[in-house]
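Chemist: Each residue of the sequence shown is one higher than the one before, starting from 3 at the first, in our numbering. Following this message is one structure expressed as structure tokens.
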Amino acid sequence: MILLQKINTRIILICSAFMLISCSKEYNPNFFNGEWISDSLTTGQNDHWREFLYFDKGHVARTTIWGKKYLLNKNLRIKGLKLYDRNRLLFNIEVIDSNKIIVKGKDYYGSFYRDDSQLYDMKTIVSLIEETESKRKKIIGNWKAVDFKIISISKYPEDKIYAEFPENTKIAEVPTNEIKSVNFDYNQFSFHYKDRVVSFGYTAEKDKIEFGSGDVIFSFNYHFQNNQLIIDYTTHKNILNTITFEKIK
3 MILLQKINTR
13 IILICSAFML
23 ISCSKEYNPN
33 FFNGEWISDS
43 LTTGQNDHWR
53 EFLYFDKGHV
63 ARTTIWGKKY
73 LLNKNLRIKG
83 LKLYDRNRLL
93 FNIEVIDSNK
103 IIVKGKDYYG
113 SFYRDDSQLY
123 DMKTIVSLIE
133 ETESKRKKII
143 GNWKAVDFKI
153 ISISKYPEDK
163 IYAEFPENTK
173 IAEVPTNEIK
183 SVNFDYNQFS
193 FHYKDRVVSF
203 GYTAEKDKIE
213 FGSGDVIFSF
223 NYHFQNNQLI
233 IDYTTHKNIL
243 NTITFEKIK
């Protein structure tokens with residue numbers, strides 16, 4: 003009986019020591035290098051549902067593509083299992099395994115998994131997001147349609163006839179030639195045509211807007227020229243719908 007108690011005591015001590023070592027394990031900053039995507043997120047900002055963390059040799063950037071701001075933090079530093087914004091502690095990290103972490107802070111909880119499909123390094127990603135942010139600020143507002151063109155950009159001359167087909171003269175079922183104006187908010191835009199208004203949620207890139215209608219995902223390119231907004235939408239038959247807008251002041 004005494005021997006059994008001693009064995010049990012040793013087991014408890016060994017387990018306790020193991021737990022202490024596990025909890026106090028230090029992680030090299032390079033352990034986190036790469037992109038991490040949230041699969042569960044609760045944040046006091048409450049304007050986005052997913053975030054991305056980019057780690058690069060102790061430097062960290064935090065982004066989203068659904069909120070009022072795409073670049074949430076770009077100068078974070080990781081020290082041990084803590085994320086600092088300059089000298090201010092922002093988040094604590096709990097490592098679940100090599101592919102999952104929990105990030106906690108004031109009014110913040112995020113579960114993140116490692117994503118190995120990162121296309122660019124962190125510096126490039128931050129630069130792209132900053133450019134997108136700048137252009138999105140410029141696009142927000144009300145724009146009046148002043149011109150439109152529908153042409154075939156197919157390399158086959160016989161395909162030009164498709165430019166006359168109604169299904170190729172629409173953007174997500176909205177007739178190109180009937181669009182009177184477009185209004186952009188930070189995560190939604192609306193086409194105004196005839197007596198109707200059709201709205202879509204969207205995400206932006208530096209030269210492209212992606213949006214959904216039902217289960218279908220659409221996208222169009224955009225750029226600015228002489229203070230005008232130009233939208234280019236190409237159908238699957240290589241029919242280019244171009245609409246030029248001027249901002250309503």
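Where a beta carbon is used, it is the ideal one built from N, C-alpha and C, also for glycine.
Put A174 into one of helix, strand or coil per three-state DSSP.
Modeler: Correct three-state label for A174: coil.
Chemist: Name the DSSP beta bridge partners of Y56, please?
Modeler: Answer is E37, A63, bridged to Y56.
Chemist: So G69 and Y110 are in contact, right, with Cβ under 8 Å, and what is the actual spacing, rounded?
Modeler: The pair is not a contact, with the Cβ atoms about 13 Å apart (cut-off 8 Å).
Chemist: Would you mind giving the Cβ-Cβ distance between E180 and Y195, rounded to the nearest angstrom? I have them listed as a contact below 8 Å.
Modeler: Contact holds; Cβ gap of about 4 Å.
Chemist: Is it a yes or a no for the stretch 54 to 65 touching the stretch 124 to 139, going by three-plus beta-carbon pairs under 8 Å?
Modeler: Result yes; three or more Cβ-Cβ pairs closer than 8 Å.
Chemist: Determine, using beta carbons only, whether T236 and D149 come nearer to each other than 8 Å.
Modeler: In this structure, D149 does not lie closer than 8 Å to T236 by Cβ.
Chemist: Kindly indicate the opening and closing residues of the alpha helix (DSSP H) around L130.
Modeler: Run containing L130: 124 to 141, per the alpha helix (DSSP H) assignment.
Chemist: Report all residues from its chain with a CB closer than 7 Å to the CB of N240; omit the five preceding and five following residues, and keep chain order.
Modeler: Same-chain partners within the cutoff: S154, I155, S156, D161.
Chemist: Do you know whose CA, among T126, Y29, W51, S100, lies nearest I80's CA?
Modeler: Out of T126, Y29, W51, S100, Y29 has the C-alpha closest to the C-alpha of I80.
Chemist: In three-state DSSP terms, what is I23?
Modeler: Legend: pLDDT at I23 = 38, less than 50; position of this residue unreliable, no value from coordinates given.
Chemist: Among residues of its own chain, excluding the 5 on either side of I95, which ones have a beta-carbon nearer than 6 Å to its beta-carbon?
Modeler: Excluding residues within five positions, the ones whose Cβ falls inside 6 Å are L83, I103, V105.
Chemist: Output needed for S24: all residues of its chain with C-beta closer than 6 Å, excluding positions within five of it in sequence on either side, in chain order.
Modeler: Per-residue confidence for S24 stands at a pLDDT of 42, beneath the threshold of 50, marking its modelled position as unreliable; the derived number appears in the next sentence. Excluding positions up to five away in sequence, the list is empty.
Chemist: Report the option in G36, G203, D217 whose CA atom is closest to the CA atom of D117.
Modeler: The shortest C-alpha separation from D117 is found at G36.
Chemist: What three-state label does DSSP hand E166 in the structure shown?
Modeler: Correct three-state label for E166: helix.
Chemist: Is L231 closer than 8 Å to I98 when the C-beta atoms are compared?
Modeler: Contact: no.
Chemist: Taking just the CA atoms, how far does Q190 sit from T205?
Modeler: Going by the C-alpha atoms only, they are around 8 Å apart.
Chemist: Can you find the residues in the same chain that come closer than 7 Å, C-beta to C-beta, to S26, ignoring five residues on each side of it along the sequence?
Modeler: For S26, the pLDDT reaches just 48, beneath the cut-off of 50, and the residue's location in the model is therefore unreliable, leaving the point undetermined.
Chemist: Considering only residues of the same chain and omitting the five flanking positions on each side of S221, which have a CB-CB separation below 6 Å?
Modeler: So the qualifying residues of the chain are K210, E212.
Chemist: I'd like to confirm the pairing. Which residues does DSSP put opposite V148 in its beta bridges?
Modeler: DSSP, once it has assigned bridges, lists no residue as partnering V148.
Chemist: Name the residue from N77, R90, S136, Y164 whose alpha carbon lies nearest to the alpha carbon of D58.
Modeler: Answer by Cα proximity: N77.
Chemist: Is it right to say S40 is buried, meaning 16 or more other beta carbons lie within 10 angstroms of its own, or is it exposed?
Modeler: So S40 counts as buried.
Chemist: Just mark I127 as buried or exposed, buried being the case when its beta carbon has 16 or more other beta carbons within 10 Å.
Modeler: Burial call: buried.
Chemist: Quick one: what's H194 bridged to in DSSP?
Modeler: DSSP, once it has assigned bridges, lists S183, V199 as partnering H194.
Chemist: Output the distance between the C-alpha atoms of D187 and G143, rounded to the nearest integer angstrom.
Modeler: Between D187 and G143, the C-alpha separation is close to 7 Å.
Chemist: Look at the alpha carbon of T171 and the alpha carbon of G214, and state the distance between them as a whole number of angstroms.
Modeler: If you take the alpha carbons of T171 and G214, they lie about 18 Å apart.
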